[in-house]
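The block underneath contains the structure these notes are about, expressed in structure tokens.
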Amino acid sequence: MKTFPMFLQMAGRHVVIVGGGEQAAQKARLILKTEARLVLVAPELDAELGALVAMGRAEQVPTLSVGVFRGAALVFVATGCVALDHVAHAFAKEAGAIVNVVDRPALCDATTPSILDRDPVVVAISTEGTAPVLARQIRSRMEVLLEPALGELAALAGRLRAEVNQRLPQRERRFFWEWVFNGPPRQALARGAGREAARLVKDRLATGEACSVQGRIALVGAGPGAADLLTLRALRLLQEADVIFYDRLVDPGVLELARRDAERVFVGKEIGASSWPQDRINAVIVAAARQGRQVVRLKSGDPGIFGRVGEELETARAAGIPVEIVPGVTAASAAAASLGRGLTERGATDRLMLATAACKPGDPDPDWATMLQPGTTLAVYMGVRKAPSMIRTLRAASIPMGLEAEIISNASTPREQIIRCTLGQVPEALAEQSIENPAIILIRWSKPAGARTRSEIAA
Ligand code: SAH
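Numbering follows the numbering used here, with no gaps: position 65 of the sequence shown is 61.
What follows is the structure in structure tokens.
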């Protein structure tokens, strides 16, 4: 760190801004958020700054001197004139002030960070001047995590702190605050119900009810791989989770977005490693939630699509633990996006079939020929190994072998691979090219133009 972040006390202090134009006004707007007095050093002020002086919110000093900088908490110089900037900088330094000269990094003791303001919650981001665009990007990500009304809740917490300390034994205080910022009050706030949040907090404090945080389970869709295909809800839950149970297909980039101190438990099946049978997974997630922990069960794609959510939902419900599903972007959607088209096309493929080749042991093979009719896009999950037998079945049912097929592996990730071929060539293509898992097979049987209705063709 070449620079060190600190939050300066501003009440009862003053900030000097040299300059009377837009750049000076930008700094003035920032300082106006604080309680510092504002001193504007310029012979002339623009309308906005002039109004601040007229309202008594700032004081104008027309001429530069060393004295004007004495005792200032901070000095901003933004005259727009190189020579004048240097003079103001020299005077301010002589007065011992901390100076920021706009757009002249060599003359800056301090720089203004990218600020996310949820007063009294304030996040300041710096890249030490290396990448201001990155700082802004980080800020937009944080914007999503910190709902606009969060400051209200933090301010309320500040007002109630003394009472909480008086009423609750120390051991319970942490639970109480965790409940406030993680539990129903925060959720009410996220829905935009600020008053309800405040009422919940006050009621709980008044009744003195113990605040052990209730454990819960979220079955969260991690999407197909790319971390930025996560939903905002998934991201929030990852940041709130105490423990995350994740599958083999969950991309490491997604896990990186979790809270740093969250426990991560791999429950996937990997060749050579001890595998996790489903009932063991059910048992551990419920046990973790029973300890009052926030549990995220992270599954690739959409958890509700070939994700075996049923048993996990049932076990959680039977144990009386609140459980929810957070949908995600499924592999078929990501694969179509990589191909640069939709999964359906009006009038040509009006039906979308999602099917898996990996059924329960003992079950008969899927009835591929019934699924694949004119007007269908068929997305076959977990189909690579069974592709040859699937094609044999389709050939035997006289399905045209010239239909378009695509095999997409690792869709949405840097390892993505696409093979385009005909239906009949799928086994060959898979045998010839080393296809990495996970891969999905998309087969398209467009309706012949003649089969379209008159209005479809017109549209
Ligand atoms: N719930 C997941 C599917 C789980 S089954 C979802 O909604 O996507 C696992 C199968 O999904 C894999 O065998 C593969 O067929 C497919 N799959 C998952 N991620 C994929 C990806 N990034 N690219 C291609 N196929 C993928």
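Every residue, glycine too, gets a C-beta built ideally from N, C-alpha and C.
Remember, predicted model here, so these are calculated numbers, not experimental data.
Span of the alpha helix (DSSP H), counted from its first residue to its last, around residue i
i, result
"residue 152", "146 to 163"
"residue 278", "274 to 286"
"residue 236", "228 to 236"
"residue 171", "166 to 178"
"residue 87", "78 to 90"
"residue 328", "327 to 335"
"residue 369", "It is not in any alpha helix (DSSP H) - residue 369 carries neither H nor E in the DSSP assignment."
"residue 134", "128 to 141"
"residue 4", "Where residue 4 is concerned, there is no enclosing alpha helix (DSSP H), given that its DSSP letter is neither H nor E."
"residue 259", "Not the alpha helix (DSSP H): residue 259 falls in the beta strand (DSSP E), residues 259 to 262."
"residue 253", "Taken as a continuous stretch (DSSP letters only), residue 253 belongs to no alpha helix (DSSP H), as it is neither H nor E."
CB contact check: residue i to chain C, cutoff 7 Å
i, result
"residue 263", "Checking the listed chains, one finds no chain C in this structure; it contains a single protein chain."
Residue range of the unbroken beta strand (DSSP E) whose run includes residue i
i, result
"residue 315", "Looking at the DSSP string, residue 315 is not in any beta strand (DSSP E), and its letter there is neither H nor E."
"residue 113", "110 to 114"
"residue 121", "117 to 121"
"residue 57", "54 to 57"
"residue 301", "Segment: none, residue 301 is in no beta strand (DSSP E) and carries neither H nor E."
"residue 350", "347 to 352"
"residue 239", "239 to 242"
"residue 246", "No beta strand (DSSP E) contains residue 246, which DSSP labels as neither H nor E."
"residue 339", "Counting along the chain, residue 339 falls outside any beta strand (DSSP E), and DSSP gives it neither H nor E."
"residue 214", "212 to 217"
"residue 198", "Careful: residue 198 lies outside any beta strand (DSSP E), inside the alpha helix (DSSP H) at 190 to 203."
"residue 485", "Any property of residue 485 remains undetermined from this structure, which presents the chain solely from -3 to 455."
"residue 98", "From DSSP, residue 98 is part of no beta strand (DSSP E); its letter is neither H nor E."
Beta-carbon separation (whole angstroms), residue i vs residue j, contact threshold 8 Å
i, j, result
"residue 84", "residue 48", "Actually they are not in contact, since the Cβ atoms of residue 84 and residue 48 sit about 19 Å apart, beyond 8 Å."
"residue 425", "residue 415", "5 Å"
"residue 142", "residue 187", "With 8 Å as the limit, residue 142 and residue 187 do not qualify as a contact, their Cβ atoms being about 15 Å apart."
"residue 45", "residue 21", "6 Å"
"residue 422", "residue 392", "Their Cβ separation, rounded to whole angstroms, is 15 Å, which puts residue 422 and residue 392 out of contact at 8 Å."
"residue 220", "residue 408", "5 Å"
"residue 295", "residue 218", "6 Å"
"residue 75", "residue 12", "Residue 75 to residue 12, Cβ: 12 Å. No contact."
"residue 125", "residue 108", "Not confirmed; about 11 Å, so no contact."
"residue 215", "residue 319", "7 Å"
"residue 63", "residue 42", "In fact, because the Cβ distance is near 25 Å, the residues do not count as touching under 8 Å."
"residue 369", "residue 272", "Residue 369 to residue 272, Cβ: 38 Å. No contact."
"residue 371", "residue 327", "With 8 Å as the limit, residue 371 and residue 327 do not qualify as a contact, their Cβ atoms being about 22 Å apart."
"residue 418", "residue 402", "About 10 Å; that fails the 8 Å criterion."
"residue 38", "residue 66", "That pair is no contact at about 18 Å."
- Query: Given 8 Å as the limit, is there contact between the stretch 279 to 292 and the stretch 360 to 380, that is, 3 or more CB pairs closer than that?
  - Reply: no
- Message: With three or more beta-carbon pairs closer than 8 Å as the criterion, would you say the stretch 152 to 171 touches the stretch 25 to 45?
- Response: no
- Item | Cβ contact check for the stretch 112 to 124 and the stretch 87 to 101: 3 or more pairs under 8 Å | Flag = no, the stretch 112 to 124 and the stretch 87 to 101 do not touch.
- Query: Does the stretch 225 to 242 come close enough to the stretch 334 to 349 to have 3 or more Cβ pairs within less than 8 Å?
  - Reply: no
- Query: Can you list, in chain order, the stretches of the alpha helix (DSSP H) that have 4 or more residues and sit fully within the stretch 382 to 448?
  - Reply: 383 to 392 and 422 to 428
- the stretch 323 to 333 contacting the stretch 223 to 238, beta-carbon criterion three pairs below 8 Å: yes
- Taking 8 Å as the threshold, find out whether the stretch 370 to 378 comes into contact with the stretch 431 to 440 through three or more Cβ pairs. yes
- Task: With a floor of 3 residues, list each beta strand (DSSP E) that falls wholly inside the stretch 12 to 74, ordered by position along the chain.
- Result: 33 to 37, 54 to 57 and 70 to 73
- Item | Cβ pair count under 8 Å reaching 3, the stretch 268 to 282 against the stretch 308 to 321 | yes
- Counting Cβ pairs, one atom from each stretch, are 3 or more of them under 8 Å apart for the stretch 297 to 309 and the stretch 188 to 201? no
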